[in-house]
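Sequence order for the protein chains is A and B.
Just so we're aligned, residue 1 is where the first sequence starts under the numbering used here, counting upward by one.
Just so we're aligned, residue 1001 is where the second sequence starts under the numbering used here, counting upward by one.
Beneath this line is the structure, given in structure tokens, with notes to follow.
There are 2 protein chains.
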Amino acid sequence: MVATPTAPPSAASRPAVSDRHRLQAAQLDVPTRLLLGPGPSNAHPRVLQALGMRQVGHLDPAFIELMNETQELLRYVWQTDNEVTIPVSGTGSAAMEATLANTVEPGDKVLIGINGYFGLRLTDMAERYGADVKQIFKPWGEVFSLEELRAAMEEHRPAMLALVHAETSTGACQPFEGVGDLCREFDCLLLADTVTSIGGVPLFVDEWGIDMVYAGGQKALSCPPGIAPLSFSDRALAKLNARKSKVPNWYLDLSLVGKYWGSDRTYHHTAPINMNYAMRECLRLVAEEGLEERWARHQSTGELLWEGLADMGIECHVAKEFRLPTLTTVKIPEGVDGKAVCKQLLADYNIEIGGGLGELGGKVWRVGLMGHNSRPETVVTLLAALKKVLGK
Amino acid sequence: MVATPTAPPSAASRPAVSDRHRLQAAQLDVPTRLLLGPGPSNAHPRVLQALGMRQVGHLDPAFIELMNETQELLRYVWQTDNEVTIPVSGTGSAAMEATLANTVEPGDKVLIGINGYFGLRLTDMAERYGADVKQIFKPWGEVFSLEELRAAMEEHRPAMLALVHAETSTGACQPFEGVGDLCREFDCLLLADTVTSIGGVPLFVDEWGIDMVYAGGQKALSCPPGIAPLSFSDRALAKLNARKSKVPNWYLDLSLVGKYWGSDRTYHHTAPINMNYAMRECLRLVAEEGLEERWARHQSTGELLWEGLADMGIECHVAKEFRLPTLTTVKIPEGVDGKAVCKQLLADYNIEIGGGLGELGGKVWRVGLMGHNSRPETVVTLLAALKKVLGK
Chain A
1 MVATPTAPPS
11 AASRPAVSDR
21 HRLQAAQLDV
31 PTRLLLGPGP
41 SNAHPRVLQA
51 LGMRQVGHLD
61 PAFIELMNET
71 QELLRYVWQT
81 DNEVTIPVSG
91 TGSAAMEATL
101 ANTVEPGDKV
111 LIGINGYFGL
121 RLTDMAERYG
131 ADVKQIFKPW
141 GEVFSLEELR
151 AAMEEHRPAM
161 LALVHAETST
171 GACQPFEGVG
181 DLCREFDCLL
191 LADTVTSIGG
201 VPLFVDEWGI
211 DMVYAGGQKA
221 LSCPPGIAPL
231 SFSDRALAKL
241 NARKSKVPNW
251 YLDLSLVGKY
261 WGSDRTYHHT
271 APINMNYAMR
281 ECLRLVAEEG
291 LEERWARHQS
301 TGELLWEGLA
311 DMGIECHVAK
321 EFRLPTLTTV
331 KIPEGVDGKA
341 VCKQLLADYN
351 IEIGGGLGEL
361 GGKVWRVGLM
371 GHNSRPETVV
381 TLLAALKKVL
391 GK
Chain B
1001 MVATPTAPPS
1011 AASRPAVSDR
1021 HRLQAAQLDV
1031 PTRLLLGPGP
1041 SNAHPRVLQA
1051 LGMRQVGHLD
1061 PAFIELMNET
1071 QELLRYVWQT
1081 DNEVTIPVSG
1091 TGSAAMEATL
1101 ANTVEPGDKV
1111 LIGINGYFGL
1121 RLTDMAERYG
1131 ADVKQIFKPW
1141 GEVFSLEELR
1151 AAMEEHRPAM
1161 LALVHAETST
1171 GACQPFEGVG
1181 DLCREFDCLL
1191 LADTVTSIGG
1201 VPLFVDEWGI
1211 DMVYAGGQKA
1221 LSCPPGIAPL
1231 SFSDRALAKL
1241 NARKSKVPNW
1251 YLDLSLVGKY
1261 WGSDRTYHHT
1271 APINMNYAMR
1281 ECLRLVAEEG
1291 LEERWARHQS
1301 TGELLWEGLA
1311 DMGIECHVAK
1321 EFRLPTLTTV
1331 KIPEGVDGKA
1341 VCKQLLADYN
1351 IEIGGGLGEL
1361 GGKVWRVGLM
1371 GHNSRPETVV
1381 TLLAALKKVL
1391 GK
């Protein structure tokens, strides 16, 4: 039987359109916030300009050129020669998941350092891909020593070690010197979360022997959230190419995504054109400034904050040698209602700072000085407002 | 043994920064393209303005308000009361994957209608989540009759039926009248791809009994790509809530994402703030214009194109009663090099149209008249340029 499809009903016989949800919304207006929380930070004005430019198609020769430039600039920012260095079409968490989805096969032993919230998230994700997760722990705000990592590697012999370089939940910076060599000694892949370090803190993907690395755009790169850098070493690609089954995630499957960003330019999904404009512009700003200069700027702005807090008798949570200049966890003084202070800073001064997460909930504020926001005037503004709110 | 982490090396002992990839890129400039391919279409100028606005935090009270408005406007555009109606933080393919990732459990029988490229993509995705996929086929450019769907339902008794409402690869519009009732009769969930119909073609999610639906922003909504609407009915949520295991995809896990977009507002991932500004603005434009008026505009602009093509002796691939006004597949005339025409339209007139995909590769051009681009002046421009290029 060959069935003849019935033509769709004409306008007259269609259901009536309901206006129940036809909201009369006002013109978009947003308060002028200074974003000094854990992220997003304020995008650089030039990045917002680029973001609003007219679109071209995702296979347009002009866009292909832009893709090449973006990849090259990302290699500079991460200090890597990795061919597969791309922005993922999602936020930092999507890039995070992409690193695991592509390289973890069911039963793979994955050793994860847990010294903050994002180690826990890595665990949750890795388990969804069938990993046999082993964890090592440190108090939130501390970091792992090479000896501790070696001991755990000897005990577990994992296929992958995952560490958070810059823990957004604690403000601690994990040293990576020697970790890549350790991983090679144990024939193990090394994964690093650099969401809060990229573009703000010294970071050498190739020198440190990192195999899978991801970041977010909305922290020290001063890009709006919605696009997220990722890079894979040849060792990571070898693991991907040797998979026995398809990557169990279509959107983040690097064997497909890589063909679009590689020389094939094969259609996978429609790239977020305007977010790519923004990513290119924020990376261009890093290349103009220079990495050393940018790291030094973040360090000096961070120190300015720390000195100002010390003058007010307020302490930082992380020991100075491991303290991130991009994200400072500030101890909430005895007797102060931390949440009320955040609310008042927002209401009275349009300044956003963050509260603590997990173990540090209620104990710290999180202050981000990232990218375009890492400037002396930002610090003095925050310190002045905080003094007022605390009645100092 | 308590190991003491070694402090990171000082600037003097760090590796040298390499300038190998420090590209000196020029200021971003993009050609002024008229995007009349399968998508993205040009965003509405007001949407680009909204996109470039200064950020607020993703938990800012001002952003929470914007989220509520966006959800409400999405309900209007889709004609649904579904509580879980949200924009996914990725492109249309991410929303597509979210519908399957959340509702498919290993072994579930999923019946997929294949009459174009996106049915094949649904198959690939569903299989990655362990579905037992059954397929029914129609030539590319045709649609399924209710009788054909009933016969397949009787044969396979699936847990889910997935159909593409508007096939971007073929330009055919699948009628949905009666399909929801059929699915309820067989206790089966109904999934619909509305990427190329949302905001451009009559679409009634609740009336038609659709349980999971997704779309893209970059077609008839005139939003840039990078954010993608999704809606789940209570039946779909019941399937999600009854899962025996976690959703095997963290980023798209609606049990987590839903808490951020629901009344909890619990942090999951950082929402793409600026893309949400853009989504709100494009939905606001739809509510201002009115759905009936918008559908009529798309229909009349589509007909203007079809008449102009007929005048040139050029035929359309899809029968008129199932032809999408948003996306027309145009038969490449005998003896014409289809690719060369696309290239020349782009080079000489800054107009992008698309080539054929899959079965229709080399046989058709794909012309999109979507959202802001669905205007008479667009059509006459394209027709005039095409005449020149074809030497008519």
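No residue lacks a Cβ here, since even glycine has one placed at the ideal position from N, Cα and C.
Since we're looking at a predicted model, the values are computed, not measured.
- Put simply, the CB of A:A192 is far from chain B, with every gap to its CB atoms at 8 Å or more.
- Within the same chain, Cβ atoms closer than 7 Å to the Cβ of A:Q299 are found at P325, the five residues on either side in sequence being excluded.
- Contact between the stretch 1041 to 1056 of chain B and the stretch 26 to 37 of chain A is established, with three or more Cβ pairs separated by less than 8 Å.
- Only those residues of the stretch 64 to 89 of chain A whose C-beta falls short of 7 Å from the nearest C-beta of chain B are listed: E69, E72, L73, R75, Y76, Q79 and S89.
- For B:F1204, the chain A residues whose C-beta falls within less than 7 Å of its own C-beta are P15, listed in chain order.
- Straight-line measurement puts the Cα of A:L74 at about 15 Å from the Cα of A:G371.
- A:A228 sits close to A:A94, with the two beta carbons spaced by under 8 Å.
- If you look at B:P1087, you'll find it in the beta strand (DSSP E) that goes V1084 to V1088.
- Neighbours of A:W261 in chain B, taken as residues whose beta carbon is under 8 Å from its own, are absent, since the nearest beta carbon is some 14 Å off.
- Per DSSP, B:P1229 lies in no alpha helix (DSSP H); the unbroken beta strand (DSSP E) holding it starts and ends at A1228 to F1232.
- For the 8 Å CB-CB criterion, B:V1205 and B:V1213 form a contact.
- Between A:P248 and B:P1248, the C-beta spacing is below 8 Å.
- For B:R1284, the nearest CB of chain A lies under 8 Å from its own CB, placing it at the interface with that chain.
- Taking 3 residues as the shortest admissible run, the stretch 1129 to 1206 of chain B contains the following complete beta strand (DSSP E) segments, listed from N- to C-terminal end: 1132 to 1137, 1160 to 1164 and 1189 to 1193.
- For the stretch 290 to 311 of chain A, the residues whose beta carbon sits under 7 Å from a beta carbon of chain B are, in order, L291 and E292.
- Listed in chain order, the positions of the stretch 1200 to 1231 of chain B with a beta carbon within less than 9 Å of a beta carbon of chain A are P1202, F1204, D1206, E1207, W1208, G1216, Q1218, P1224, P1225, G1226 and I1227.
- Between B:P1087 and A:T270, the gap from beta carbon to beta carbon reaches 8 Å or more.
- For B:R1366, the uninterrupted beta strand (DSSP E) run begins and ends at V1364 to G1368, by DSSP.
- Of all C-beta pairs linking the stretch 1301 to 1314 of chain B to the stretch 1340 to 1359 of chain B, fewer than three are shorter than 8 Å, placing the two stretches out of contact.
- Spanning the alpha carbons of A:L120 and A:F144 requires a straight line of approximately 15 Å.
- When beta bridges are read from the DSSP output, B:K1331 appears opposite B:V1364.
- Taking the Cβ atoms as the reference, A:W365 lies roughly 5 Å from A:V330, within the contact range of under 8 Å.
- Between B:A1043 and B:C1223, the C-beta gap is smaller than 8 Å, which places the two residues in contact.
- Beta-carbon to beta-carbon, B:S1169 and B:G1116 are separated by about 4 Å, close enough to satisfy the 8 Å threshold.
- Around the Cβ of B:M1312, a 10 Å sphere holds fewer than 16 other Cβ atoms; the residue is exposed.
- About 5 Å separates the beta carbons of B:I1112 and B:T1123, which is inside the 8 Å limit, making them a contact pair.
- Out of A:G368, A:R22, A:P175 and A:V30, the CA that lies nearest to the CA of A:Q218 is found in A:G368.
- Nearest to A:E185 by C-alpha distance, out of A:G290, A:E154, A:V84 and A:V341, is A:E154.
- Against chain B, a Cβ distance below 8 Å from A:G52 picks out L1048, Q1049, L1051 and G1052.
- Look at B:G1258 here: in three-state DSSP terms it is helix.
- B:M1125 and B:R1280 have their C-alpha atoms some 29 Å from each other.
- Straight across, the Cα-Cα distance linking A:T378 with A:R243 is about 48 Å.
- Contacts with chain A at 8 Å (Cβ-Cβ) do not include B:L1390.
- Taking A:V336 as the centre and dropping the five residues before and after it, the same chain places the C-beta of L390 closer than 8 Å to its C-beta, in chain order.
- Taking 7 Å as the upper bound on Cβ-Cβ separation, chain B lies near residues E352 of the stretch 347 to 364 of chain A.
- With respect to the 8 Å criterion, A:Y76 and B:R1014 are not classified as neighbours on the basis of their beta carbons.
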